[in-house]
Amino acid sequence: MKTKAPLLALFAVTMGVGVYAQIATAGPAGAAPVASARASTSALASGSALPPTPAHIDASEHVDGVFVAPMRQRPNAAARYFAIVATEDEARTIAAGGAVDVSARTEDTCFGYGASTGFERPSVTVGIPVPGASASSARPGGRPAPPRPPPPPPQMVRIFHVVRTVVADGHARLETSVVWADLSTGGSRLASHHTQSFSLVAHGPNGFDVYSAPELNGEGTKFLVVTPPLRDEERAAVAQVASDSVQATGCGHLEVRLKAHENGGQMANVTGVVELPPDPNDDGTGAGDDGSQSGDGTSSAGTAPRPRLRPVRANLSVSRVASDSQPVVTVSFSWAGPDHAVGSVEPASSAQRFIE
Amino acid sequence: VRDPAKTPKPLAHGQGSTVALAQLGTKTLAYVADEDDQAVHVIDVDGGEVASFPLGARPGQLVFDESGRLLVAVRDASRLSVLEPTETGALEERCSVATDAEPIGLAVSPDGSRVLVATGWGRSLTAFDLRSPTFATQLQLTLPREPRSVLVSDDGTKAFVSHAVGGQVSIVDLDAKHVGAVQLHALSVDDERAARQVQQLHVMPGHHRPSPFLLQGPRHGGQGFTLAKIAQPTARVFVPQALVDTGDPRERPPGYGSSEVDQTEQADVAVLDGKSGELLPESLQPLDDSVRRAMDSDTEHHHDECLLPRGSAYEDASHTLYVACFGIDAVLALDALATSPIRAERRRWSVAGGPSGVAVDAAGKRLVVWSQFERTLSRIALGGPDLVDEKTQPPPPIATVALAPPAHPLTVEVALGRALFHSVGDGRISHDGRACASCHPDGRDDGLTWATPVGPRRSIMLAGRVERTAPFSWSGSEHTLHDHVIITFNRLKGDGQLRGLELDALLDYVGSIPTPPRSPHDESDTRVARGREIFNSKSVGCAGCHTGDYFTDDERHDVSTKDDADTSGMFNTPTLRFVGGTGPYFHDGRYDSLRALLSDGTRKMGDTSQLSTDDLEALEAYLRSI
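Quick note, the sequences are listed as chains A and B, same order.
All residue numbers for the first sequence refer to the numbering used here, where the first residue is 1 and numbers rise by one.
All residue numbers for the second sequence refer to the numbering used here, where the first residue is 357 and numbers rise by one.
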């Protein structure tokens, strides 16, 4: 049956290894979207038409969840480095030369360079060249270098995007803000903001969940794969999209966009890591099924059974054979490898390895 | 008169397999086609063997019709046996019907009015009227090489036929009696697109990588032994297969196939529209193994792909496609609704060796798998839909029913050799997972021309062609089969550790692979007799080199067929046994058909230029009969 209602998502929410749904085709032009991208919550311009970059942002101007932290410098370093992090505490830690434990964050916030989304990380780092730090004063042969024009002053106002995932009641909200940050003052200013809502499509193991939202043209579907928090591990995930490309994230979510034109389809295989309860047969000696020992190479005999980490994969697909009136959307899960006790030698996060 | 209330009730009818289920009271009975015992066994899935019906020849598939009769393709006897279960579940034969040579695939039309029989060696699709007392022939059509499975679209208008070689599915319009085909080859990607991807690599190091899959050459489909379909929520036909990169035949790589890729064969499930038959092109893009390796932390997961799919079944409740795989002896559970189901593997189970058929017991929430090599029935509880952590929620063990040894069992050596021949991922044989059966399905040939260190080479049919045909290989450079196999393993980059008793066992099996049955019509065909005369005539000159019972003089000749990539123009005279079913022809596959070969006017290898069309047809008919 060909549904004329515009963009009605018929997703079934199922706890299990597989779920499918069909999405109605796009309705007539001008029809109001349902369950699609909501309008920006801000009156500011969208990312594609940003106002000009400001030359300076005062320290008193600040966007929630965006903190500029000057990093400790080595003497005579060629560049000064700044980190963009999510909390004031993190900024203080960075400034003091420490490392941020992103697994301690209560919110899934990530940063990316530029205004376009993709490739977000829990924090980003920017290097600003130190004028004259790497200049050579002499040339081979002893002749003095000709005088150079002074370099332009470094651009201290940089543009980033901040992505925050909020999950509640079978829905996920992806809030994306484009922000200018002035590295010299620490001030920040919102350039644009928009929110995308997703509905839960399928529960994977232990909070490895998949949400989706149809795209406006009716051919595509956006998936949001949310990975559960891990103790002492980055919530990395990697997606092989179709056979074209690989997407990766070090954050707790990964957004994948798939399209299915008539007699076509796309797939993505998203691999992440979930935590599992201790193996009931784990005697606490630290020797797992694979014979591995604890991370420092020593035996941990007598310790309590350890939770396990195991890579899991979500297989996302949108397809439409010629006789389908609507694209068929399906999500299934599978294990992507064996489990490992937390702290064992073998890194459980294959996704991280892939990113590296 | 049979009382339907007291006899087994089929749990499904329509799709042929080597295992079919029926309910008899509280018992679930499995009817299995046992090649080794040349019989159909009746097995209580929760108990043991109930009865056995000897066929006297190897069976192919079996299927229930809507009236509860069990139709069995008796492969080696070229007949369709019609059996009827009794009140105990045992079978009685009602009649049998002659078919073309080597019936294998069976399907009953949705309205129950006819059974379609796909013959392997006979290359035909025949429809028999199930409501006629004589099983009158309604339809007979010629198909491409090596049909294996057949299914009928839900509206009854189309038949889909898979082929063990050739990388295609025949789509037969049953009303118009027309045979079409869908090619299942994965195309190469144009240079521009590849270049774009390489550019991306530099733009986003560490994040965007070109998939090696896209940088490879075209891949040929093959191993189409089984078919499955779904009707709801979308009409699709599934063709489990392997995609093969044979390399560029203009080059001389160090082994068989491209030296640029480390994964010569990839498992795949092609998806067709169940109504129109159109291919979903993206289903021919399996996840590249190198990407999978990078994404998986399971480093032992290599070379466990389903390169030899042999059975399949679909389960409505979870939209799962189950594929039984030789070589890895496993059943895969795939998301049937995925664009590329092979990329959406939910889980897999190890089963007894040689799983040739799988059936779903929906009410019992279990799979029933028939493993031919170990003659074992496996019962797998499907459990719930959740992805289970086996350590905290151990699944019930797989229950098995092993049959008693047959009256005339295979020798231990042949049984071992068969397992080795089909072994996927055996590093002693190949470095990339290929099995002997990858290029020699059913001991025949894959119909492909491979790039090799000595030039382009067509795979050679083994069944019935290795005894008394020395020397071996197209070049005729090996005087024993043993030496030839060792060289083959070297070219496949096997580690050379398969030797001694195991290598002997492999050779024993190769020498015992069942040959295709002869067409029952050949002996009485006057054209065959005329063709024999022509073949032996001095003016045509075929028998000058293709002489004796094995149609070879065991010599090497230069017949001016040297290809640019060939290291030599001297070629071993190949035996012509079973030549009719082994095209394309010549060492480089330059002729698509026997007729094309016979019509060539080069006169370098016999002279057929003076033959009339009738005589050419007669010569071709004779060649097809030998």
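Just so you know, even glycine gets a beta-carbon here, dropped at the ideal spot from N, CA and C.
Which class does residue i belong to by DSSP, given the choice of helix, strand or coil?
{"i": "residue 662 (chain B)", "result": "coil"}
{"i": "residue 368 (chain B)", "result": "coil"}
{"i": "residue 74 (chain A)", "result": "coil"}
{"i": "residue 943 (chain B)", "result": "coil"}
{"i": "residue 403 (chain A)", "result": "This structure cannot settle anything about residue 403 (chain A), because the visible part of chain A is limited to 1 through 356."}
{"i": "residue 979 (chain B)", "result": "helix"}
{"i": "residue 731 (chain B)", "result": "coil"}
{"i": "residue 639 (chain B)", "result": "helix"}
{"i": "residue 251 (chain A)", "result": "coil"}
{"i": "residue 531 (chain B)", "result": "coil"}
{"i": "residue 113 (chain A)", "result": "strand"}
{"i": "residue 315 (chain A)", "result": "strand"}
When you compare only the Cα positions, how much space is there between residue i and residue j?
{"i": "residue 932 (chain B)", "j": "residue 635 (chain B)", "result": "36 Å"}
{"i": "residue 509 (chain B)", "j": "residue 741 (chain B)", "result": "28 Å"}
{"i": "residue 708 (chain B)", "j": "residue 415 (chain B)", "result": "20 Å"}
{"i": "residue 365 (chain B)", "j": "residue 670 (chain B)", "result": "20 Å"}
{"i": "residue 623 (chain B)", "j": "residue 598 (chain B)", "result": "5 Å"}
{"i": "residue 494 (chain B)", "j": "residue 486 (chain B)", "result": "10 Å"}
{"i": "residue 477 (chain B)", "j": "residue 980 (chain B)", "result": "10 Å"}
{"i": "residue 761 (chain B)", "j": "residue 767 (chain B)", "result": "11 Å"}
{"i": "residue 200 (chain A)", "j": "residue 679 (chain B)", "result": "30 Å"}
{"i": "residue 230 (chain A)", "j": "residue 747 (chain B)", "result": "19 Å"}
{"i": "residue 204 (chain A)", "j": "residue 240 (chain A)", "result": "18 Å"}
{"i": "residue 796 (chain B)", "j": "residue 869 (chain B)", "result": "11 Å"}
{"i": "residue 808 (chain B)", "j": "residue 964 (chain B)", "result": "31 Å"}
{"i": "residue 8 (chain A)", "j": "residue 672 (chain B)", "result": "Reliability fails at residue 8 (chain A), whose pLDDT of 20 lies under 50, so the model's placement of it is uncertain and the value that follows must be treated cautiously. Answer to the nearest angstrom: the Cα atoms are 24 Å apart."}
{"i": "residue 47 (chain A)", "j": "residue 463 (chain B)", "result": "Bear in mind that a pLDDT of 43 at residue 47 (chain A), under 50, signals an unreliable position, so the model cannot answer this."}
{"i": "residue 302 (chain B)", "j": "residue 874 (chain B)", "result": "As shown, chain B starts at 357 and ends at 982. That puts residue 302 (chain B) outside it, with no answer to give."}
{"i": "residue 282 (chain A)", "j": "residue 192 (chain A)", "result": "51 Å"}
{"i": "residue 470 (chain B)", "j": "residue 484 (chain B)", "result": "5 Å"}
{"i": "residue 265 (chain A)", "j": "residue 590 (chain B)", "result": "14 Å"}
{"i": "residue 1004 (chain B)", "j": "residue 373 (chain B)", "result": "What is shown of chain B runs 357 to 982, which leaves residue 1004 (chain B) out entirely."}
{"i": "residue 183 (chain A)", "j": "residue 259 (chain A)", "result": "39 Å"}
Is there a C-beta anywhere in chain A that falls below 7 Å from the one on residue i?
{"i": "residue 695 (chain B)", "result": "yes"}
{"i": "residue 702 (chain B)", "result": "yes"}
{"i": "residue 590 (chain B)", "result": "yes"}
{"i": "residue 568 (chain B)", "result": "The pLDDT assigned to residue 568 (chain B) is 38, lower than 50, so where the model puts this residue is not dependable; a value taken from the coordinates is nonetheless given after this. So no, residue 568 (chain B) is outside the interface."}
{"i": "residue 511 (chain B)", "result": "no"}
{"i": "residue 699 (chain B)", "result": "yes"}
{"i": "residue 671 (chain B)", "result": "no"}
{"i": "residue 747 (chain B)", "result": "yes"}
{"i": "residue 743 (chain B)", "result": "yes"}
{"i": "residue 601 (chain B)", "result": "no"}
{"i": "residue 640 (chain B)", "result": "no"}
{"i": "residue 447 (chain B)", "result": "no"}
Is residue j closer than 7 Å to residue i when the C-beta atoms are compared?
{"i": "residue 914 (chain B)", "j": "residue 926 (chain B)", "result": "yes"}
{"i": "residue 734 (chain B)", "j": "residue 710 (chain B)", "result": "no"}
{"i": "residue 278 (chain A)", "j": "residue 306 (chain A)", "result": "yes"}
{"i": "residue 581 (chain B)", "j": "residue 677 (chain B)", "result": "no"}
{"i": "residue 584 (chain B)", "j": "residue 668 (chain B)", "result": "yes"}
{"i": "residue 522 (chain B)", "j": "residue 504 (chain B)", "result": "no"}
{"i": "residue 984 (chain B)", "j": "residue 334 (chain A)", "result": "Only positions 357 to 982 of chain B appear in the structure, and residue 984 (chain B) is not among them; the question remains open."}
Mind checking if residue i is an interface residue toward chain B, Cβ cutoff 7 Å exclusive?
{"i": "residue 265 (chain A)", "result": "yes"}
{"i": "residue 256 (chain A)", "result": "no"}
{"i": "residue 276 (chain A)", "result": "yes"}
{"i": "residue 330 (chain A)", "result": "yes"}
{"i": "residue 188 (chain A)", "result": "no"}
{"i": "residue 205 (chain A)", "result": "yes"}
{"i": "residue 209 (chain A)", "result": "no"}
{"i": "residue 322 (chain A)", "result": "yes"}
Quick test of your reading: residue i and residue j, contact by CB under 8 Å. State the CB separation rounded to the nearest angstrom.
{"i": "residue 528 (chain B)", "j": "residue 520 (chain B)", "result": "Actually they do not touch by this definition, with Cβ atoms about 17 Å apart."}
{"i": "residue 315 (chain A)", "j": "residue 700 (chain B)", "result": "4 Å"}
{"i": "residue 723 (chain B)", "j": "residue 687 (chain B)", "result": "7 Å"}
With a cut-off of 7 Å, does the C-beta of residue i fall near any C-beta of chain E?
{"i": "residue 333 (chain A)", "result": "The chain labelled as chain E is not found among the protein chains of the depicted structure, namely A and B."}
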